[in-house]
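*Asks:*
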Amino acid sequence: MLLDDSNLINEIGCAQIKEVAFPTITIETEDGQLLKINVTKKQKRDPIFWKSIKDIWQAGIWIPFNKKLSHLLDNDWLVEPAMA
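Basically the working numbering = 1-based index in the sequence shown + 22.
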């Protein structure tokens, strides 16, 4: 199921990465607001995560994030049916 079809849609925002400076990721929301993303300890230690983030940044891909926690979503634009 897509996030757009769930009741979680109000907690999720869409943004593009504007800057990657370890350990900080800055995103720009659809409204033009700049936010710092909170990175977990596991993400900070993961070189594949940072490579992926840089690839997403360079490609200009829009990504989902949790508005309340300022975290990126692990499951992209999908949600488990039980959460909907």
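Glycine included, each C-beta is placed from N, C-alpha and C at the ideal position.
In this text, all values refer to a predicted model and were calculated from it rather than measured experimentally.
1) Have a look at Asp77, Lys73, Gly35 and His93 and flag the residue whose alpha-carbon is nearest the alpha-carbon of Asp53.
2) Under three-state DSSP, which class holds Glu52?
3) Going residue by residue through the region 55 to 90, where are the continuous alpha helix (DSSP H) segments of at least 4 residues, counting only ones entirely within it?
4) Assuming contact is defined by CB atoms lying nearer than 9 Å, are Pro86 and Val61 in contact in what I supplied?
5) Can you give me the Cβ contacts of Phe71 inside the same chain, cut-off strictly under 6 Å, excluding the 5 residues immediately before and after it?
*Replies:* To lay it out plainly:
1) Gly35
2) coil
3) 63 to 66 and 69 to 81
4) no
5) Gln65
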